[in-house]
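K.L.:
Quick note, the sequences are listed as chains A and B, same order. Here this note's numbering is used: the first residue of the first sequence is 1, the next is one more, and so on. Here this note's numbering is used: the first residue of the second sequence is 286, the next is one more, and so on. All C-beta atoms, glycine included, are put in the ideal place defined by N, C-alpha and C. All values derive from a computational prediction rather than experimental measurement. Submitted below is the structure of interest, expressed as structure tokens.
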Amino acid sequence: MLRFRGKPMPETSLVMAIVNRTPDSFFDKGATFGLQAALERVDQVVEEGAHIVDIGGVKAAPGVEVSAAEESSRVLEVVEQVRARHPSVVLSVDTYRTSVAELVLAAGADIVNDAWEAPEPETFAVVASFGAGIVCTHAGHLPPRTRPHRVSYPDVVADVVSTVTTLAEKAVAAGVPRESVLIDPGHDFGKNSRHSLQLTARTGELVATGWPVLMALSRKDFVGEVLDLLPDERLEGTLAATAVCAWQGARVFRTHDVTATLRVLRMVDAIRGTTAPAVNVRGLA
Amino acid sequence: MVLALAFVPSPPLLLDALGGGSGELRSACLQAISVLDSAERVVVLGAAPSDGWVTGHIDATPYGAPGTPAADPLPLALAVGSTLMGDRPHHLYGVAGGLVPDLGGRTGLLVVGDGSARRTEKAPGHFDERAESFDRQIENAFAAGDPDLLAALDRELAEDLMVGGLTSWRAAASAARHQMGPGGCAPLGWSGQVHLAAAPYGVGYFVASWTPRPT
């Protein structure tokens, strides 16, 4: 069973809601940069039924340098206030910095979502010291906040499987509880769109590692390139990819669109037979 | 001889593997069945492909529930009756148009059958304006505790209106005439109680019980 700092997760497909305290993230473009806006967004996604809330203070793409001090000041006060307002919600922080991870874990965060392949591996020991959870992500062996340029892999799925399972074992070796480790193939991170599509199609190979798989697909460029659409037009494409990954057993979905994603996952779970329909009367009355 | 009767409907949704039905329907059924507590044995009476005693297993997989199909699945009405009886010992008797043999002893009958499946626009058989008054006749027969009213329901109309319970109810009415009177005295007739009469999904559900009329 998945568990983060003593909080057991339901046995369904799960939703991780994105809340960015950034002025420049690609989709929300600063909508929740202000503290009040970020807190209201958290209230909203919790109300909509998100299982995990993921707070970010630095956009993924290259751009204005954000110091560790600045990043901490952005995310820490959100974590503190959310912890007080929603004591039972599972709270994740999207950071690749050990120093930031330590501060937010001390403030009550449950998961460190490191999207950049653990550039500061001391994070594992810090996460372990709090009994918290970690996301181990494949980023194409690139430094944080860089874009892929002509990247190639003999077999992208094999590269991802070997990278994330090695990271996951390192985390466990450092003392992170095994039931609190997620692996993430890192769609678009160090990959072109065809790589991300292959990872989507072959989700089953990641699931077969036995580690619970987190998929961060929401409105990303691989969806945009397939459909030739801008971020605010990528919901349907994202949901299609979500369904394909959930069908193959991916467990957690990081998303900007909580209600839509929850509905897709509930549908897929019912098709897979892992959850019963909410109502089951048709033809049975 | 029959000591008491309980009447319940047989939607598949009452099967545990399909959710077990709404709390209201389920608890009404269990309340009705409690009149059988004092019986020496309980016989569940429900529609089946042929008349006779039946053994087998409750199997909801034909209705899409997860699991492995049983080799000897019970007919739906008997499966629902058996589900509602739960751990309490009971026998299953299938009716296909015949009558129930002499049951002997102090027997409680759990009779499984449904009203019209044409009660509303969204009903399985769509809306038929005659359905509601037909179902009211059924309800009246249950409320009156009158086997003759139950046996007199029009068979042809019942077929038109997709009334599933007629076969079981006729067999039950015939058995109910062999009532066991109090202390072995002459029978006094039945006192009927309707616990629930509703068509929440367009199918008439009747939950009722018949106990000996008080002296």
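Taking C-beta pairs closer than 7 Å, name the residues in chain B that A:Val281 reaches, listed in chain order.
P.N.:
Those within 7 Å of A:Val281 in chain B are Leu298, Tyr486.
K.L.:
Does the Cβ of A:Glu71 have 16 or more other Cβ atoms within 10 Å, making it buried, or fewer, making it exposed?
P.N.:
When all chains shown are included, A:Glu71 counts as buried.
K.L.:
Name the DSSP beta bridge partners of A:Asn113, please?
P.N.:
Paired residues: A:Asp94, A:Val135.
K.L.:
Which of the three DSSP states, helix, strand or coil, is assigned to A:Trp211?
P.N.:
Here A:Trp211 sits in coil by DSSP.
K.L.:
Please look up how many angstroms separate the CB atoms of A:Ser13 and A:Val258, rounded, as I've assumed it's under 8 Å.
P.N.:
Wrong, their Cβ atoms sit about 13 Å apart, outside the cutoff.
K.L.:
Whole angstroms is fine: what's the gap from A:Pro143's alpha carbon to A:Glu65's?
P.N.:
Going by the C-alpha atoms only, they are around 14 Å apart.
K.L.:
Among the candidates B:Ala332, B:Pro354, B:Leu359, B:Ala350, whose CA atom is the shortest distance from the CA of B:Gly341?
P.N.:
If we check each option's Cα against that of B:Gly341, B:Leu359 comes out closest.
K.L.:
Mind listing the chain B neighbours of A:Gly273? Cutoff is C-beta to C-beta under 9 Å, in chain order.
P.N.:
Going along chain B in sequence order, the residues near A:Gly273 (Cβ under 9 Å) are Pro351.
K.L.:
By Cβ distance below 6 Å, which residues in the same chain neighbour A:Gly108 in space, the five residues on each side in sequence not counted?
P.N.:
Cβ neighbours of A:Gly108 beyond the five flanking positions: Arg83.
K.L.:
Listing by chain order, which chain B residues have their CB less than 9 Å from the CB of A:Ala270?
P.N.:
The premise fails here: A:Ala270 is roughly 11 Å from chain B at the closest Cβ pair, so nothing lies under 9 Å.
K.L.:
What beta strand (DSSP E) runs, 3 residues minimum, are completely inside the region 359-384 of chain B?
P.N.:
Entirely contained in the region 359-384 of chain B, the beta strand (DSSP E) runs reaching 3 residues are, in chain order, 376-380.
K.L.:
Strictly by DSSP, which residues pair up with A:Met16?
P.N.:
Answer is A:Ile52, A:Arg254, bridged to A:Met16.
K.L.:
Do you know whose CA, among A:Arg251, A:Val78, A:Gly249, lies nearest A:Leu39's CA?
P.N.:
Comparing Cα positions, the closest option is A:Val78.
K.L.:
Is the Cβ of A:Arg285 closer than 8 Å to any Cβ of chain B?
P.N.:
In the sequence on display, residue 285 of chain A carries Ala and not Arg. Chain B, which has a Cβ nearer than 8 Å to the Cβ of A:Ala285, makes this yes.
K.L.:
Distance cutoff 8 Å, beta carbons only. Does B:Leu330 sit that close to anything in chain A?
P.N.:
Not closer than 8 Å to any Cβ of chain A, the Cβ of B:Leu330 fails to qualify, so no.
K.L.:
Can you tell me where the alpha helix (DSSP H) holding A:Ala201 begins and where it ends?
P.N.:
Per DSSP, A:Ala201 belongs to the alpha helix (DSSP H) from 193-201.
K.L.:
Tell me the start and end of each unbroken alpha helix (DSSP H) in the region 17-82 of chain A that is at least 4 residues and wholly inside, in chain order.
P.N.:
As far as the region 17-82 of chain A is concerned, its whole alpha helix (DSSP H) runs of at least 4 residues are 35-48.
K.L.:
So with CB distances below 8 Å, who are the chain B contacts of A:Ala276?
P.N.:
Per Cβ cutoff of 8 Å: Gly304.
K.L.:
Residues in its own chain within less than 6 Å of B:Leu481 by CB, not counting five upstream and five downstream?
P.N.:
These residues qualify, in order along the chain: Ala313, Val492.
K.L.:
Report yes or no: is there a C-beta of chain A within less than 8 Å of the C-beta of B:Pro358?
P.N.:
Output row for B:Pro358: interface = no.
K.L.:
From B:Ala460 to B:Gly383, what does the alpha carbon distance come to, in whole angstroms?
P.N.:
Those two C-alpha atoms are separated by around 11 Å.
K.L.:
Could you spell out where the beta strand (DSSP E) holding B:Pro497 opens and where it closes?
P.N.:
From DSSP, the beta strand (DSSP E) with B:Pro497 extends over 490-497.
K.L.:
What are the boundary residues of the alpha helix (DSSP H) that includes A:Gly237?
P.N.:
Its alpha helix (DSSP H) spans residues 235-247.
K.L.:
For the alpha helix (DSSP H) containing B:Ala483, list its first residue and its last residue.
P.N.:
Counting along the chain, B:Ala483 falls outside any alpha helix (DSSP H), though it belongs to the beta strand (DSSP E) covering 475-483.
K.L.:
Have a look at A:Leu262, A:Pro277, A:Arg5, A:Ala285 and flag the residue whose alpha-carbon is nearest the alpha-carbon of A:Val127.
P.N.:
With distances taken between Cα atoms, A:Val127 lies closest to A:Arg5.
K.L.:
What's the gap between the Cα of A:Val104 and the Cα of A:Asn192?
P.N.:
Going from the Cα of A:Val104 to the Cα of A:Asn192 covers about 32 Å.
K.L.:
For B:Val448, name the three-state secondary structure that DSSP assigns.
P.N.:
Looking at B:Val448 - three-state DSSP - the assignment turns out to be strand.
K.L.:
Do A:Leu167 and A:Glu117 have their C-beta atoms within less than 8 Å of each other?
P.N.:
In contact: A:Leu167 and A:Glu117 (Cβ atoms closer than 8 Å).
K.L.:
Does any residue of chain A have a CB that is nearer than 8 Å to the CB of B:Pro409?
P.N.:
It does; some Cβ of chain A falls within 8 Å.
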